[in-house]
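Residue numbers (this note's numbering), protein chains in the order written: chain E, 8 to 330; chain H, 8 to 330.
Ideal Cβ placement from N, Cα and C applies to all residues, glycine included.
Here the structure comes first, spelled out in structure tokens, and everything after it is commentary.
There are 2 protein chains.
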Amino acid sequence: MSQDLFIGVDIGGTKVLAAEVSPSGEVLGTAHRSTPGRRVELELVEDALTEAVTEVAAGRPVAGVGLAAAGFVDAAGERVMFAPHLPWRGEPTLTRLSSRWGTRVALDNDANCAALAEIELGAARGVDSALLITLGTGIGGAMVLGGQMVRGRNGMAGEFGHMQVVPGGLPCECGLTGCWEQYSSGNALVAFVRARVETEEYAGCALDELAAGDPLKITGPAVTAAAADGDALALAAYESVGSWLGVGLAGLVAAFDPELLVVGGGVSTAGDLLLAPARASLEASLVGRLHREVPPIVATGFGAEAGVVGASLLARRLTAAES
Amino acid sequence: MSQDLFIGVDIGGTKVLAAEVSPSGEVLGTAHRSTPGRRVELELVEDALTEAVTEVAAGRPVAGVGLAAAGFVDAAGERVMFAPHLPWRGEPTLTRLSSRWGTRVALDNDANCAALAEIELGAARGVDSALLITLGTGIGGAMVLGGQMVRGRNGMAGEFGHMQVVPGGLPCECGLTGCWEQYSSGNALVAFVRARVETEEYAGCALDELAAGDPLKITGPAVTAAAADGDALALAAYESVGSWLGVGLAGLVAAFDPELLVVGGGVSTAGDLLLAPARASLEASLVGRLHREVPPIVATGFGAEAGVVGASLLARRLTAAES
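As structure tokens, this is what we get:
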């Protein structure tokens, strides 16, 4: 059983990550693809997933594949109903891929998968109530209560990224405006820098050289690297994204009063560059903060791999339930 | 047992309502007092409560009193830790009043009490997941999951009114700015009218006469009465408060995905004047609304009496547990 090959696939707004994951959550091998986008034929997305899974499998038989999708997954875990950054709109994805790959496939929201990894093996193990926030292209979220995931009436609980934080604010891929993820996410980090690179305010910053006249050349990893080197513009971007993270978390803590806040996703790999301003802003924005315990904000135990680890656990669960 | 006298007391930011309540939730008699305010000696508040309870009891022995307080109540249900509109700051209120009155006393947050009434006897009976919003002086809230109230780590879950909806927005009694209750509550309704009464935009509206040069004369009930008569300014106030109600609910539905939304409190007695704009705004502000069921917004089964009914149930539970 333990040598059976289980693969987790994290399907984000910009990239697909497939990984072989051990039962204890160790990532043993990975494959990467770009996400084809949200206005393409869905076959292109399925092809990208197939390539990534095939590369990880490297000819070995696959016992199960878990998919972590950046979108709304139906309560049965069979379809992605809607995804701001992906082309799915309720197609029978699970059935299609399971039959194409000839193996068991499980599907859930990426944030729920990340939360599953944290609950079973990571930062939220043994915790009664927690909120889990994934900062990737957008914001993913999950709620844990009594050690269980809160799924919601439509299986859509945890879509924190589309709570309005600025009336009439920035337009969002979801069709609304002022959504939290427009101010705190990987996209928000890059947008902050692109809007300010090569301006007088940040003249001479290291990112100017990278942009070389084209702000669109700026990427998330480049901002993170520049921030780690102390670049003023990159640090300001993390300060902004981190502060907005804290403001949103303060609202969620007011509503839900959890024991723990876990932050994961690509942006969270920057650690305290993100979490220090988030903690300061949470303290400053939380109602009754002198009369309560402010929950700690901790980084995910799995970093950017929480999604694939959780997806692999989902596939292992499915297989265990069927055998 | 059923003829034992149980009294519920709702302690809001502006008024105290005490009521004798039957086991089935019928209000049999009431007494009203003004809330002394938040910068007074707490004895003044306790005196007001004592007067109201004494008036309802009218010389009969009291089996139990339940208190519904507009503030943060500790997890043990013994102290109000913090209340934006009341002077309590962690004093042993339950012990003080129980010993002063010589009867059993139970204490909880007013929104939790209202939710208890709705869950046991009202609009949320038999519902698995619901959000309950009380629009009084501010916003009270409660979450129901699996038919049970979600209390939170510090017993403070459901403080929806202090989620920030406008960055750098209106100052709130809680010390923060831009809190939801500054835009959707009884206070917000009155503030909207006071800021616009006797201006050119609303020249000749019925409320001009009432204000007679002093906008501070405008009260919530006056606005509700004027709106029912079709007054343009009063209707605009309900449109604004209702729309903000919908925006905030859309965020909470994105986060929690509940089956039902129940709106109570004094402002909700206006019915569709409040709920129609709230429903429109919820539809317009909810992420993925074409791919999900939008939960219905219903008025509380108890109107402004949900707090006292729930408080009386709390006292009955306490007595049942002890006997």
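Among the bridge pairs identified by DSSP, H:Lys224 is matched with none. The beta strand (DSSP E) runs of length 3 or more contained entirely in the segment 203-251 of chain H do not exist; there are none.
Per DSSP, E:Ala65 lies in no beta strand (DSSP E) and is assigned neither H nor E. The beta carbon of H:Leu268 does not come within 8 Å of any beta carbon belonging to chain E, so the residue lies off that interface. The beta carbon of H:Arg107 is closer than 8 Å to those of Glu53 and Thr57 in its chain, skipping five residues each way along the sequence. Look at E:Glu27 here: in three-state DSSP terms it is strand. Spanning the alpha carbons of H:Val254 and H:Asp11 requires a straight line of approximately 44 Å. When the five nearest sequence neighbours on each side are left out, the beta carbons in the same chain lying within less than 6 Å of the beta carbon of E:Ala26 are those of Gly15, Val34, Thr37 and Val315, in order along the chain. DSSP places H:Asp17 inside the beta strand (DSSP E), whose first and last residues are Phe13 to Ile18. If you draw a straight line from the Cα of E:Gly227 to the Cα of H:Phe309, it comes to about 52 Å.
The three-state reading of DSSP puts E:Ala90 in coil, since its state is none of H, G, I, E or B.
Below the 8 Å Cβ cutoff, chain H contributes Ala262, Phe263 and Asp264 as neighbours of E:Ala164, in chain order. Residues Leu289, Glu290 and Leu293 of the same chain have their beta carbon placed closer than 7 Å to that of E:Val301, with the five preceding and five following residues left out of the count.
In the DSSP assignment, E:Ser41 falls outside any alpha helix (DSSP H) and lies within the beta strand (DSSP E) extending over Val34 to Ser41. Of all residues in the segment 71-84 of chain E, those with a C-beta nearer than 7 Å to a C-beta of chain H are Phe79, reading in chain order.
Separation of H:Arg160 and H:Val270 (C-alpha to C-alpha, rounded to the nearest whole angstrom) is 24 Å.
Under a 10 Å Cβ-count criterion, H:Leu223 is classified as exposed, with fewer than 16 other Cβ atoms of the shown protein chains found around its own Cβ. Residues of chain H with a Cβ closer than 8 Å to the Cβ of E:Asn116 do not exist; the shortest Cβ-Cβ separation is about 11 Å. Contiguous beta strand (DSSP E) elements confined to the segment 116-202 of chain E occur at 136-142 and 146-152, taking only those with 3 or more residues. Per DSSP, H:Ala76 lies in no alpha helix (DSSP H) segment; the continuous beta strand (DSSP E) that holds it begins and ends at Gly71 to Ala76. Only Ser136, Leu152, Val157, Gly159, Arg160 and Asn161 from the segment 132-162 of chain H bring a Cβ to less than 7 Å from some Cβ of chain E.
Boundaries of the alpha helix (DSSP H) around E:Val316: Ala313 to Glu329. The beta-bridge partner set that DSSP reports for E:Val269 consists of E:Leu139 and E:Val305.
At a cut-off of 8 Å between beta carbons, E:Arg286 makes no contact with chain H. For the 8 Å CB-CB criterion, E:Ala90 and E:Gly78 form a contact.
Contact between the segment 135-151 of chain H and the segment 270-286 of chain H is present: three or more C-beta pairs spanning the two stretches fall below 8 Å. Counted as a single uninterrupted DSSP element, the stretch harbouring E:Leu297 is not any alpha helix (DSSP H), since DSSP gives it neither H nor E.
Closer than 8 Å to the CB of H:Glu98 there is not a single CB belonging to chain E. E:Gln189 is outside the set of residues whose beta carbon lies under 8 Å from a beta carbon in chain H. Inclusion of H:Ala306 and H:Leu282 in the CB contact set at 8 Å is warranted, their separation being smaller than that value. Against chain E, the CB of H:Cys120 has no partner CB under 8 Å away; the residue lies outside that interface. Taking 8 Å as the upper bound for CB-CB distance, E:Ala76 and E:Ile18 are in contact here, some 5 Å apart.
What E:Arg45 touches in chain H, judged by beta-carbon distance under 8 Å, is nothing: the nearest beta carbon there is about 14 Å away. A Cβ of chain H is located within less than 8 Å of the beta carbon of E:Pro174. Within chain E, Arg160 have C-beta atoms less than 8 Å from the C-beta of H:Pro302, given in sequence order. Between H:Gly176 and H:Thr184, the CB-CB gap stays under 8 Å.
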